[in-house]
Structure formats: structure tokens, C-alpha cells
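In terms of numbering that gives the first Met the number 0, the sequence shown is residues 0 to 259.
The beta carbon of each residue, even a glycine, is placed where N, CA and C say it ideally should be.
Structure first, then comments.
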Amino acid sequence: MAEAVNPMEEMMARMRREFLDTADDRLGTLDELVSEVRENRPESPGRMSEFRRIAHSLKGMGGTFGYPLVSVIAHRLEDYIETEKDLHQAIIVDVQKFLDRMRDVIEGQLGADDPKTAEIVRALPVKRAGFDIDDMQVLDVEVMTVMPKGTATTIVEKELRACGYRVSNVEDPIQALVYAVRTKPDMVMASGVLPGLSGVDLACAFNAMPVTKDIPVVLFTSFDRGHKSLVALPEAVPIVKKGGTFSEDLANALFDSGLT
Numbered sequence: 000m001a002e003a004v005n006p007m008e009e010m011m012a013r014m015r016r017e018f019l020d021t022a023d024d025r026l027g028t029l030d031e032l033v034s035e036v037r038e039n040r041p042e043s044p045g046r047m048s049e050f051r052r053i054a055h056s057l058k059g060m061g062g063t064f065g066y067p068l069v070s071v072i073a074h075r076l077e078d079y080i081e082t083e084k085d086l087h088q089a090i091i092v093d094v095q096k097f098l099d100r101m102r103d104v105i106e107g108q109l110g111a112d113d114p115k116t117a118e119i120v121r122a123l124p125v126k127r128a129g130f131d132i133d134d135m136q137v138l139d140v141e142v143m144t145v146m147p148k149g150t151a152t153t154i155v156e157k158e159l160r161a162c163g164y165r166v167s168n169v170e171d172p173i174q175a176l177v178y179a180v181r182t183k184p185d186m187v188m189a190s191g192v193l194p195g196l197s198g199v200d201l202a203c204a205f206n207a208m209p210v211t212k213d214i215p216v217v218l219f220t221s222f223d224r225g226h227k228s229l230v231a232l233p234e235a236v237p238i239v240k241k242g243g244t245f246s247e248d249l250a251n252a253l254f255d256s257g258l259t
């Protein structure tokens with residue numbers, strides 16, 4: 000007698016198949032946009048906006064339908080092109096690498112939840128951010144910043160990249176926990192004020208979970224350690240203060256975290 004099919008499992012399997020078809024189509028569109036640049040075709044209106052929109056949709060869909068590695072790679076792609084005004088010759092080779100890795104996942108060449116996620120992610124290109132990558136040594140050191148977009152975040156990222164570190168920013172603290180479990184960053188720097196969870200909450204969560212407790216966490220804040228909002232901050236978590244002591248605090252935090 001045939002074994003009964005679980006309706007929920009059947010529905011999820013169908014949705015995953017539909018995701019793979021949709022992802023394949025959307026990657027095809029991204030490939031076409033890259034080809035426009037490679038072949039020096041006239042710039043199409045809204046090309047970069049369309050590219051960003053599709054990359055963002057792949058990031059959201061990957062996690063929803065059981066392909067977290069697609070989400071992680073799409074997030075890194077978003078981060079890589081964040082400051083770019085358009086696709087252009089200087090970046091399309093790097094951009095293609097992100098697309099190729101996502102296609103490897105949806106075609107089954109990389110596992111949907113590959114245990115080598117951290118290794119795969121570290122092999123992706125680093126954000127340009129105004130630096131000439133050829134003139135600086137990019138280290139195999141991952142720093143995840145968990146901060147809202149803004150001037151302060153830009154300054155922090157620039158300082159870290161100037162040290163040769165690979166930097167990726169995640170705005171949502173819950174998402175940061177998920178990504179950290181998969182990408183195993185060498186350090187996490189969190190803003191004190193975040194949506195949903197505070198930086199102190201996030202530091203406590205990292206310290207409490209066996210899978211993340213060995214990842215150094217640094218708190219970026221305008222308060223002194225004795226402030227009432229930082230009472231629950233683990234003693235081992237360094238503070239980097241906004242303002243005049245920023246550079247010194249950052250250097251000390253990197254040293255305490257074993258990155259220098």
C-alpha cells in the first residue's frame with residue numbers, strides 16, 4: 000500500500016520547486032543586465048534599480064524557501080553594489096561571481112545549506128568602498144557590523160576596510176544572528192541602538208549560544224560602560240565610543256578580539 004503523502008510536505012516541496020524556477024528566471028535577468036555592460040550596449044533606464052530589486056528579492060526568497068546560502072550570497076551582493084550608481088566595466092567581473100555562486104546553489108552544485116558556507120562567502124569579492132583593492136592587502140578576516148545605515152556606519156566600515164578586513168553590514172539584529180551562525184565572522188561590531196534588539200541584547204545572545212560564544216563582539220555606543228543601559232553588557236565585550244576616542248577604542252577592541 001502506498002505511503003500517504005503529507006499535504007504540508009507536498010506543498011512545501013512544490014513551493015521550493017517554484018522558487019527554483021523563479022530564482023533561475025531572475026538570475027537570468029541579472030545575467031542579461033551584466034551582459035548589457037559587458038557588450039557595451041547603451042545604458043537601459045533604471046538598470047541599476049532593477050538589478051538591486053531582483054537581488055533583494057532573491058535574498059528574501061532564499062531564506063523563506065530553504066535556501067539560506069542564496070540569501071547570504073544575495074546579501075553580500077547587495078552590500079557590494081551599495082555605493083555603485085550603475086553597473087559598469089570595473090565591477091561586472093566581480094558581480095558575475097556572485098551570480099555564478101547563487102546559480103551553483105539553485106542547480107544543486109552547492110548544497111542548499113552547505114556546511115562550507117563561511118568558506119564560500121569569504122571567497123566572494125570584497126566591497127570597493129573607495130579603496131584601490133590592488134593597493135591594499137585584503138586579509139582573510141571577516142568583520143560583521145550590525146548597524147543602521149548612516150554616516151557613523153560608513154566611518155566604521157571605512158576604518159575596518161582600511162585595515163584590510165572584509166566587512167559586511169547587517170541592519171537587522173535577528174538576521175545578524177542567523178548570518179553569523181552560517182558565515183562565522185571573526186568579529187561582530189554592533190551598534191548600541193538597533194531595531195528589535197539592542198546591541199547589548201545581541202552581545203548577550205552571542206555570548207549565550209554555544210555556536211556563537213567564541214565570536215568576539217564589540218559594542219559601538221556613545222555611552223560609558225557605567226551607563227544604566229549597559230548594565231547587562233558582558234564584561235568581556237569591549238566598547239568603542241563615538242567621538243574623539245573612536246580610533247583608539249577601535250584599535251584596542253581589535254587587539255582584544257585577537258584581530259591585530
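With the rule of 3 Cβ pairs closer than 8 Å, the stretch 15-29 counts as touching the stretch 58-71.
Short of 7 Å from the beta carbon of Asp-30, and not among the five residues preceding or following it, lie these beta carbons of its own chain, in chain order: Leu-98. For Ser-167, there is no enclosing alpha helix (DSSP H); the enclosing beta strand (DSSP E) has its first and last residue at 165-168. Pairing Val-180 with Ser-43, the inter-Cα distance amounts to about 39 Å. Here the alpha carbon of Arg-75 sits roughly 17 Å from the alpha carbon of Arg-25. The way I'd put it, the stretch 112-120 doesn't touch the stretch 199-219; fewer than three beta-carbon pairs between them come closer than 8 Å.
In this structure, the CA atom of Val-94 is about 33 Å from the CA atom of Val-239. Our two residues, Lys-157 and Thr-259, have alpha carbons roughly 17 Å apart in a direct line. Looking from the CA of Leu-123, the closest CA among Asn-251, Lys-115, Arg-100 and Val-192 belongs to Arg-100.
Sequence-distant partners of Phe-50 (beyond 5 residues in either direction) whose C-beta falls short of 8 Å from its own C-beta, in its chain, are Leu-29, Leu-32, Ile-80 and Leu-86. Scanning its chain for C-beta atoms nearer than 7 Å, with the 5 sequence neighbours on each side dropped, one finds around Met-14 the residues Phe-64, in chain order. DSSP places Ile-119 within a helical segment (H, G or I) once states are collapsed to three. CA-to-CA, the gap between Asn-168 and Ile-154 works out to about 12 Å. In this structure, Leu-193 is the residue among Asp-103, Leu-193, Gly-107 and Leu-109 with its C-alpha nearest to the C-alpha of Thr-144. Closest option to Cys-203, judged by alpha-carbon separation, among Asp-185, Val-230 and Gly-163: Val-230.
In the DSSP assignment, Glu-141 falls within the beta strand (DSSP E) that extends over 141-145.
The beta carbons of Met-146 and Ser-190 sit closer together than 8 Å. Within the same chain, Cβ atoms closer than 6 Å to the Cβ of Leu-68 are found at Val-104, Asp-113 and Thr-116, the five residues on either side in sequence being excluded. Membership of Thr-150 in the alpha helix (DSSP H) is indicated by the continuous run 150-161.
In its chain, beyond the 5 residues on either side, Arg-25, Thr-28 and Leu-29 have a beta carbon closer than 8 Å to the beta carbon of Ile-53.
Val-71 is positioned such that its CB atom lies closer than 8 Å to that of Tyr-178.
Ranking Gly-110, Ser-56, Leu-138 and Ser-48 by CA distance to the CA of Thr-82 puts Ser-48 first. Excluding five sequence positions before and after His-55, the CB atoms of its chain that fall closer than 7 Å to its own CB belong to Glu-77, given in chain order. DSSP, read as helix, strand or coil, puts Phe-222 in coil. Under the DSSP assignment, Ser-190 falls outside any alpha helix (DSSP H), being part of the beta strand (DSSP E) whose first and last residues are 186-190. Relative to the Cα of Leu-249, the nearest Cα in the group Glu-106, Pro-172, Gly-225 and Val-216 belongs to Val-216.
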